[in-house]
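The structure appears below as structure tokens.
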Amino acid sequence: MYLKKYTGLFCLLLTALFALNSCSTVTMVEQPDLYQSTTEQVTLDNTSTTDNGFKEAAKKPGWDLMWTDEFNEAQVDTTKWNHEVNGDGGGNNELQYYTKSKANSYTVGGKYLVIKAIKQNYKGKFYTSARLNTKKKADWTYGRFDIRAKTPVQQGVWPAIWMLPTDWVYGTWPQSGEIDIMESIGHQPKTCYGTIHFGQPWPNNSHLGDTIETKEGDLSTAFHVYSVEWEPNEIRWYFDGELYNTKKNTDVSPQRWPFDQSFHMILNLAIGGEWPGPPDEATTFPKYMFVDYVRVYKKL
Ligand SMILES: [Ca+2]
16 MYLKKYTGLF CLLLTALFAL NSCSTVTMVE QPDLYQSTTE QVTLDNTSTT DNGFKEAAKK
76 PGWDLMWTDE FNEAQVDTTK WNHEVNGDGG GNNELQYYTK SKANSYTVGG KYLVIKAIKQ
136 NYKGKFYTSA RLNTKKKADW TYGRFDIRAK TPVQQGVWPA IWMLPTDWVY GTWPQSGEID
196 IMESIGHQPK TCYGTIHFGQ PWPNNSHLGD TIETKEGDLS TAFHVYSVEW EPNEIRWYFD
256 GELYNTKKNT DVSPQRWPFD QSFHMILNLA IGGEWPGPPD EATTFPKYMF VDYVRVYKKL
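Here the numbering used here is used: the first residue of the sequence shown is 16, the next is one more, and so on.
Written as structure tokens, this is what we have:
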């Protein structure tokens with residue numbers, strides 16, 4: 016009896032020590048444009064930057080790595096990324112104001128980009144967050160795009176990894192196309208969406224896509240590798256290396272297949288909007304979207 020009790024206590028202690036050990040505290044310097052405070056303590060716990068989940072090798076047979084951001088610099092590399100700053104709602108009545116503040120996007124641990132959505136009133140919006148793009152800094156036609164990310168869940172959050180046309184040569188959205196490498200809406204916490212948008216201007220726009228569900232936990236409990244292989248007349252979507260969606264130029268007929276021009280990458284964490292709807296009382300903030308890397312390959 017006593018031995019059992021003692022063993023139980025010992026296990027408890029071990030568990031507590033392990034929990035303490037697996038957390039790390041990071042101090043960040045805030046930009047003065049959004050906050051009075053100059054530093055912020057962020058505790059990274061098991062559900063955030065623990066480097067769990069699927070991993071892929073950087074080298075892939077048949078593909079040549081031509082662009083990468085591993086997010087191992089002390090700050091977001093502005094030679095690669097633009098911060099979009101606005102409260103436009105992304106065309107979907109989203110609730111966030113996107114800032115360029117280090118409160119909303121930063122690198123951490125020499126490993127990750129973090130996009131952080133905060134519940135706060137700011138310039139008429141109820142939340143702040145970040146949306147980064149590579150427009151005119153890195154634009155591609157065709158390639159393989161691998162993004163390793165851990166994204167938040169719960170009602171009203173809408174993380175997205177996607178591409179828009181740089182020059183809009185076939186007209187306004189969605190005539191020039193949109194490639195959604197990954198989207199998730201928080202009330203479907205296991206579901207990854209891969210989609211193309213094309214066709215006529217709203218409200219006669221078209222889209223085609225498919226989904227895949229994570230087999231363990233939800234999308235926030237582990238890193239996943241979201242990939243698109245974009246070739247002339249065909250786009251394929253992969254989740255942790257598993258092909259789950261293929262779209263060909265013949266699938267969009269009689270609409271134009273606009274995916275033969277330069278597109279750029281966008282990473283953002285939207286809050287609310289017409290698709291997910293607003294957060295509810297159970298949605299906790301802040302929300303974190305972690306990106307380990309963006310790797311772009313050219314087919315050999
Ligand atoms: Ca990294």
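Don't be surprised by glycine CBs; every beta carbon is placed ideally from N, CA and C. These numbers were taken from a predicted model, which means no experiment stands behind them.
Checklist entry - So what's V311 in DSSP terms, helix, strand or just coil? => result The residue you call residue 311 lines up with position 296 of the sequence shown. Three-state DSSP puts V311 in a strand.
Checklist entry - Residues in its own chain within less than 8 Å of A237 by CB, not counting five upstream and five downstream? => result As a first step, residue 237 must be located in the sequence shown, where it is residue number 222. So the qualifying residues of the chain are N67, G68, F69, K165, T229, E231.
Checklist entry - If you draw a straight line from the alpha carbon of G124 to that of N87, how long is it in whole angstroms? => result Along the sequence shown, read from residue 1 onward, the residue named residue 124 stands at position 109. Along the sequence shown, read from residue 1 onward, the residue named residue 87 stands at position 72. Looking at the two C-alpha atoms, the distance is approximately 8 Å.
Next on the checklist: Going by C-alpha to C-alpha distance, which of F213, C207, F141 sits closest to D225?
Outcome noted: Indexing the sequence shown from 1 puts residue 225 at position 210. Minimum Cα distance to D225 is reached at C207.
Next on the checklist: Buried or exposed, going by whether 16 or more other CB atoms sit within 10 Å of the CB of K151?
Outcome noted: Residue 151 sits at position 136 when you count from the first residue of the sequence shown. With fewer than 16 Cβ atoms within 10 Å of its Cβ, K151 is classed as exposed.
Checklist entry - How many angstroms separate the CA atom of N148 from the CA atom of Q135? => result What you label residue 148 is simply residue 133 of the sequence shown in a count that begins at 1. What you label residue 135 is simply residue 120 of the sequence shown in a count that begins at 1. Distance between the alpha carbons of N148 and Q135: 24 Å.
Checklist entry - Just the Cα atoms here: how many angstroms apart are L110 and L315? => result Indexing the sequence shown from 1 puts residue 110 at position 95. Indexing the sequence shown from 1 puts residue 315 at position 300. Distance between the alpha carbons of L110 and L315: 43 Å.
Item to check | Counterpart residues of K6 in DSSP-defined beta bridges | outcome: Since the first residue shown for the chain is 16 and the last is 315, residue 6 is missing from the structure and cannot be characterised.
Next on the checklist: For L128 and Y312, which I take to be in contact (beta-carbon distance under 8 Å), what is that distance rounded to the nearest angstrom?
Outcome noted: Along the sequence shown, one-based indexing puts residue 128 at 113. Along the sequence shown, one-based indexing puts residue 312 at 297. Incorrect: roughly 19 Å between the Cβ atoms, too far for contact.
Next on the checklist: Rounded to whole angstroms, what is the Cα-Cα separation between T58 and P269?
Outcome noted: Indexing the sequence shown from 1 puts residue 58 at position 43. Indexing the sequence shown from 1 puts residue 269 at position 254. Residue placement at T58 is poorly supported in this model, since its pLDDT is 43, which falls under 50; the coordinates still yield a value, given next. So the alpha carbons of these two residues sit roughly 52 Å apart.
Checklist entry - Three or more beta-carbon pairs under 8 Å between the stretch 102–121 and the stretch 272–289, yes or no? => result yes
Item to check | Closest residue to V309 among A89, I281, F300 (Cα-Cα distance) | outcome: For the purposes of this step, residue 309 is taken as residue 294 along the sequence shown, with counting starting at 1. Answer by Cα proximity: I281.
Item to check | Backbone secondary structure at D84 - three-state DSSP | outcome: Indexing the sequence shown from 1 puts residue 84 at position 69. Looking at D84 - three-state DSSP - the assignment turns out to be strand.
Checklist entry - From what residue to what residue does the beta strand (DSSP E) around V172 run? => result By 1-based counting over the sequence shown, the position of residue 172 is 157. From DSSP, the beta strand (DSSP E) with V172 extends over 172–180.
Checklist entry - Applying the criterion that 16 or more other CB atoms from any shown protein chain within 10 Å of the CB defines a buried residue, is S90 buried or exposed? => result As a first step, residue 90 is located in the sequence shown; it is residue number 75 there, counting from the start. Correcting the residue identity first, residue 90 is Gln in this sequence and not Ser. Exposed.
Item to check | Option nearest I250 by Cα separation, candidates K262, F141, Y185 | outcome: If you number the sequence shown from 1, residue 250 lands on position 235. Out of K262, F141, Y185, K262 has the C-alpha closest to the C-alpha of I250.
Checklist entry - Should A153 be labelled buried (16 or more other beta-carbon atoms within 10 Å of its own) or exposed? => result If you number the sequence shown from 1, residue 153 lands on position 138. Buried, since its Cβ has 16 or more Cβ neighbours within 10 Å.
Checklist entry - Can you list, in chain order, the residues of its chain whose CB lies under 6 Å from that of H212, leaving out five sequence neighbours each side? => result Stepping through the sequence shown from its first residue, residue 212 is reached at position 197. Once the five neighbours on either side are set aside, the close Cβ partners of H212 are P189, E193, H222.
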